[in-house]
Amino acid sequence: MNEKYQYRLTKLQKTEIAQNLIDILEKDAIIIEQAKRFIGDWIYTGPCEKRKAFFDVWDIVLKNYMPKTRPILFRACNRISKNGKIASFTGRLECARKFNDNKGSLIICDTKEALAFEDTFYKSGDYRHTFYPLVDVLLKAKNSDGWGFSERLLNDYIGEDEYIMRIDLGNMHSFKWAKNNL
Numbered sequence: 435m436n437e438k439y440q441y442r443l444t445k446l447q448k449t450e451i452a453q454n455l456i457d458i459l460e461k462d463a464i465i466i467e468q469a470k471r472f473i474g475d476w477i478y479t480g481p482c483e484k485r486k487a488f489f490d491v492w493d494i495v496l497k498n499y500m501p502k503t504r505p506i507l508f509r510a511c512n513r514i515s516k517n518g519k520i521a522s523f524t525g526r527l528e529c530a531r532k533f534n535d536n537k538g539s540l541i542i543c544d545t546k547e548a549l550a551f552e553d554t555f556y557k558s559g560d561y562r563h564t565f566y567p568l569v570d571v572l573l574k575a576k577n578s579d580g581w582g583f584s585e586r587l588l589n590d591y592i593g594e595d596e597y598i599m600r601i602d603l604g605n606m607h608s609f610k611w612a613k614n615n616l
């Protein structure tokens, strides 16, 4: 028997969750139960356990959501993944440093530069360089009634300042961590 966590969604469920995630930030919509479960499962499953259903939902979101802010985002990784892979980024360099203990690579994206012409050359449904500020959803939940998320999830993961984004090395910079022997 397979012991791995199996997260499956129908095409309709993926679309409903993605639209609700977009509407939460664009229209102050109330979170639906499936989206709440999706966020919790995304946060609590490790990178090796994330399945296609997660990435299908994020793909819909990223193609249709244009963020209002333009932070500099960081991703720490043992090795740089292929272009187009959907991954978690952080808005805090300190978080990125802690994620892999100054080893491997650091990817940096200045979203102001990456999104400079997104509205001009692409339309909703075709966006290529956008990101989704998951931290903003968690902050909205915390500032409201918690939306049914546990206090632990909100307190622990808001500090990670998480954003979901596609790796696009043409619009990002990558560096190797150097040991600080001072």
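Quick note on our numbering: the sequence shown kicks off at 435 and runs consecutively.
By construction, the Cβ of each residue, glycine as well, lies at the ideal position given by its N, Cα and C atoms.
Note that the structure is a prediction, hence the values are computed from the model and not measured.
Quick one, are the C-beta atoms of Phe472 and Ile520 less than 8 Å apart? no
When the Cα of Lys576 is compared with those of His563, Ile592, Pro567, which residue comes out closest? Ile592
Measuring alpha carbon to alpha carbon, tell me which of Arg485, Thr524, Arg513 ends up nearest Trp611. Arg513
Asp462 (DSSP reduced to helix, strand or coil): coil
Should Lys448 go down as buried or exposed, given a rule of 16 or more other Cβ atoms within 10 Å for buried? buried
Along the chain, which unbroken stretches of the beta strand (DSSP E) at least 3 residues long are found entirely within the region 504–586? 506–511, 520–524, 539–544
For Phe609, list the residues DSSP reports as bridge partners. Leu540
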